[in-house]
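Participant: Residue numbers (full-length UniProt numbering): 1 to 110. Next up is a structure, given as structure tokens.
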């Protein structure tokens with residue numbers, strides 16, 4: 001699997017670098033898909049200081065994103081962006097695999 005499987009936008013990479021600037025230099029953002037949430041699955045964002053052997057590691061402009069092999073099929077073809085809207089700022093995943101999502105934007109179904 002290649003980095004082309006999931007795209008990290010310039011805005012997302014910039015925000016990841018800002019968030020992780022106060023963390024240890026090897027810290028990366030981990031994006032996972034968990035069962036649960038309003039629509040069946042939910043996105044989970046966390047920090048990790050090491051990649052597992054089977055993780056997809058996406059490096060963009062000094063920011064690194066990790067995706068585990070269980071979550072990757074749910075995220076294939078997705079775009080990870082950072083949006084700053086009137087209702088707040090957050091990471092936003094545009095997922096072509098999702099058939100429905102809830103209003104919060106962090107839960108989806110396939």
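Heads up, the beta-carbon is just placed ideally off N, CA and C, and yes, glycines get one too. All of these numbers come straight from a predicted model, not from anything done at the bench.
Using the beta-carbon count (16 or more within 10 Å), is residue 91 buried or exposed?
Facilitator: Position 91 of the chain shown holds residue 91. Per the 10 Å Cβ criterion, buried.
Participant: Distance check for residue 67 and residue 2, CA to CA, integer angstroms please.
Facilitator: Locating residue 2 in the chain shown gives position 2, counting from the first residue. Locating residue 67 in the chain shown gives position 67, counting from the first residue. Note on residue 2: pLDDT 46, under 50, position unreliable in the model; the coordinate value appears next. Spanning the two alpha carbons is a distance of roughly 12 Å.
Participant: Within this structure, are the beta carbons of residue 31 and residue 65 separated by less than 8 Å?
Facilitator: Within the chain shown, residue 31 is the residue found at index 31, counting from 1. Within the chain shown, residue 65 is the residue found at index 65, counting from 1. Result yes, Cβ atoms of residue 31 and residue 65 sit closer than 8 Å.
Participant: I'd like to know whether the C-beta atoms of residue 28 and residue 48 end up nearer to each other than 8 Å.
Facilitator: Residue 28 sits at position 28 when you count from the first residue of the chain shown. Residue 48 sits at position 48 when you count from the first residue of the chain shown. In this structure, residue 48 lies closer than 8 Å to residue 28 by Cβ.
Participant: Considering only their Cβ atoms, is the gap separating residue 80 from residue 12 smaller than 8 Å?
Facilitator: On the chain shown, residue 12 is found 12 positions in, with the first residue counted as 1. On the chain shown, residue 80 is found 80 positions in, with the first residue counted as 1. Their beta carbons are under 8 Å apart, which means residue 12 touches residue 80 by this criterion.
Participant: If you reduce the DSSP assignment to three classes, tell me which class residue 84 lands in.
Facilitator: Here the question's residue 84 lines up with position 84 in the chain shown. DSSP places residue 84 in strand when its eight states are reduced to three.
Participant: For residue 78, count neighbouring Cβ atoms within 10 angstroms of its own Cβ and tell me buried if that reaches 16, exposed if not.
Facilitator: Working through the chain shown from its first residue, we reach residue 78 at position 78. Classification for residue 78: buried.
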